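In the numbering used here, the protein residues as written are 1 to 426. Structure record follows, encoded as structure tokens.
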């Protein structure tokens with residue numbers, strides 16, 4: 001007999017095996033396909049004879065392709081699940097990293113990063129969110145926390161690893177080595193990922209499936225009742241639209257800070273080690289913010305806690321300009337960093353309570369596109385503001401974006417609460 005915990009809950013629930021597998025593969029994918037680019041810039045400049053802006057354009061192109069592909073990826077996930085998409089994405093990503101190691105010209109680099117952008121759309125957070133939304137209800141926040149906290153260390157692991165490989169082997173051979181773990185991610189994707197709990201006779205969270213038609217595998221990714229009775233077109237739902245705009249604004253804000261914080265601190269006279277440490281500490285604080293969100297959301301609600309953390313980012317910006325160094329930088333990192341990764345948990349958790357499971361990935365893909373647009377626009381827009389009016393105005397715009405995102409999340413929750421059919425916990 002299978003051991004159980006509580007009412008019909010399986011201790012060996014495969015959903016948690018998927019979460020842990022995805023946490024590992026997300027760490028590899030983000031580490032190699034995204035973060036490692038920073039340490040390859042300098043050796044590529046020497047070898048390819050190109051400037052920083054030209055080379056960085058390849059990563060910007062990849063981000064744009066990822067965003068453009070997100071809606072189509074979402075529709076695929078709703079119809080077929082993540083298993084073969086993520087398996088193919090891992091193999092494509094590995095092949096593109098191998099191709100990256102062989103580029104000799106800028107057009108070749110841009111072509112390779114178009115492929116990397118497609119691979120990222122297939123293997124980064126969006127498909128993982130769809131898996132968690134399908135396999136979890138009560139424990140969704142805990143599953144999202146596990147995924148994003150582990151993957152949050154991707155830069156911590158892969159930036160020094162990549163640099164060590166470059167120092168020892170050269171950048172081309174280093175990429176060949178890094179292609180191996182990306183390819184190996186295809187193994188857990190193929191072996192562990194499954195489309196829906198109903199396919200195994202289960203309900204989300206490992207509960208025993210109800211007898212009758214609800215336990216039968218259906219056309220959608222989950223056979224249990226969906227959270228809300230949403231409109232035929234989910235994009236007509238004001239809660240969905242407001243959450244989408246909040247996502248775009250928050251991604252714009254955190255990307256602008258990630259790109260321009262070090263330069264601002266150096267201009268204000270901060271020692272270079274402090275400026276670099278502050279930028280790196282934002283990632284560590286983002287983990288603390290995600291843990292705080294998950295711990296408090298059960299009592300206070302995901303929406304209010306998320307909005308508070310995003311509003312705290314605006315307070316951090318104000319303190320950065322109101323107080324002297326180094327106190328201002330420390331407080332800024334604490335407050336802004338705490339909200340740095342909140343949207344990665346809040347968005348899928350809230351969206352899962354706004355729309356039926358059968359369309360979650362499609363809607364999430366549209367939101368991911370909005371978020372990617374924010375990421376693509378942020379460096380250029382913030383740079384233009386800095387050039388025209390200075391860092392104070394640019395960071396003031398960042399604070400305005402985080403406050404607007406906080407207000408939009410609260411407004412989305414109010415709009416959702418006006419629909420009595422919504423029964424899923426937020």
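Ideal placement from N, C-alpha and C gives every residue a C-beta, glycine not left out. What you are looking at is a predicted structure, and each value in this text was computed from that prediction instead of being measured.
**Request:** Please state if the CB of residue 293 and the CB of residue 315 are separated by a distance shorter than 7 Å.
**Result:** no
**Request:** Leaving aside the five residues before and after residue 263 along the sequence, list all residues of the same chain whose C-beta is less than 6 Å from its C-beta, in chain order.
**Result:** none
**Prompt:** Smallest Cα separation from residue 12: which of 274, 123, 375, 204?
**Reply:** 204
**Item:** Distance, residue 160 Cα to residue 247 Cα
**Value:** 30 Å
**Request:** With residue 84 as the anchor, note down where its alpha helix (DSSP H) starts and where it stops.
**Result:** 83 to 100
**Message:** If you reduce the DSSP assignment to three classes, tell me which class residue 78 lands in.
**Reply:** helix
**Request:** Confirm, please, whether the CB-CB distance from residue 345 to residue 60 is below 7 Å.
**Result:** no
**Request:** Would you please state the rounded distance, in angstroms, between the beta carbons of residue 74 and residue 366? I believe it to be under 8 Å.
**Result:** 7 Å
**Message:** For residue 186 and residue 255, I'd like the C-alpha separation in whole angstroms.
**Reply:** 29 Å
**Item:** Residue environment, residue 25, which counts as buried when at least 16 other CB atoms sit within 10 Å
**Value:** buried
**Prompt:** Do residue 175 and residue 97 have their C-beta atoms within less than 7 Å of each other?
**Reply:** yes
**Among 340, 118, 64, 78, nearest to residue 440 - alpha-carbon criterion** = Residue 440 is absent from the structure shown; the chain starts at 1 and stops at 426.
**Request:** Note down, one range per segment and in chain order, each alpha helix (DSSP H) of at least 4 residues found wholly within the region 30 to 84.
**Result:** 37 to 48, 52 to 80
**Message:** Going by DSSP in three states, residue 27 sits in which element: helix, strand or coil?
**Reply:** helix
**Message:** Suppose the cutoff is 6 Å on Cβ atoms and the five residues either side in sequence are ignored; what does the same chain contact list for residue 250 look like?
**Reply:** 343, 405
**Message:** Only counting the same chain, and skipping five residues up and downstream in sequence, which positions put a Cβ closer than 6 Å to that of residue 190?
**Reply:** 87
**Prompt:** Excluding the five sequence neighbours on either side, which residues of its own chain have a C-beta within less than 6 Å of the C-beta of residue 225, listed in chain order?
**Reply:** Residue confidence is low: residue 225 scores 40 on pLDDT, short of 50, so the model does not pin down where it sits. No coordinate-derived value is stated.
**Asked** If we call anything under 7 Å between Cβ atoms a contact, is residue 409 one with residue 253?
**Response** no
**Request:** Report the rounded CA-to-CA distance for residue 202 versus residue 140, giving the unit in angstroms.
**Result:** 16 Å
**Message:** Would the region 369 to 384 count as touching the region 62 to 70 if we require 3 or more Cβ pairs under 8 Å?
**Reply:** yes
**Message:** Taking a contact to mean a Cβ-Cβ separation below 7 Å, would you say residue 302 touches residue 361 in this structure?
**Reply:** no
**Message:** Need the endpoints of the alpha helix (DSSP H) that residue 277 sits in, please.
**Reply:** 272 to 300
**Message:** Buried or exposed for residue 180, going by 16 or more other Cβ atoms inside 10 Å?
**Reply:** exposed
**Prompt:** Taking the continuous alpha helix (DSSP H) assigned at residue 267, which residues delimit it?
**Reply:** 238 to 267
**Message:** Which of the three DSSP states is assigned to residue 323 in this structure?
**Reply:** coil
**Asked** residue 340 by DSSP, collapsed to three states: which one?
**Response** coil
**Item:** Beta-carbon contacts of residue 134 that lie in its chain and below 8 Å, excluding the five residues immediately before and after
**Value:** 81, 195, 196, 197, 204, 221, 222, 357, 360
**Prompt:** At what residues does the alpha helix (DSSP H) containing residue 171 begin and finish?
**Reply:** 171 to 184
**Asked** Just to confirm, are residue 178 and residue 18 a CB contact at a threshold of 7 Å?
**Response** no
**Prompt:** Taking the alpha-carbon positions, what's the residue 435 to residue 311 distance?
**Reply:** The structure shown does not extend to residue 435, since the chain spans only 1 to 426, so no value can be given for it.
**Message:** Please list the terminal residues of the continuous alpha helix (DSSP H) segment that includes residue 196.
**Reply:** From DSSP, residue 196 is part of no alpha helix (DSSP H); its letter is neither H nor E.
**Asked** What span of residues does the alpha helix (DSSP H) with residue 140 cover, start to end?
**Response** 140 to 151
**Message:** Taking its Cβ as the centre, do 16 or more other Cβ atoms sit within 10 Å of residue 5, making it buried, or is it exposed?
**Reply:** Bear in mind that the predicted position of residue 5 carries a pLDDT of just 41, short of 50, making it unreliable; the figure below should be weighed with that in mind. When all chains shown are included, residue 5 counts as exposed.
**Prompt:** Do you know offhand how far residue 54's Cα is from residue 109's?
**Reply:** 10 Å
**Item:** Assigned secondary structure, residue 356 (DSSP; H/G/I helix, E/B strand, else coil)
**Value:** coil
**Item:** Length of the line joining the Cα atoms of residue 121 and residue 89
**Value:** 8 Å
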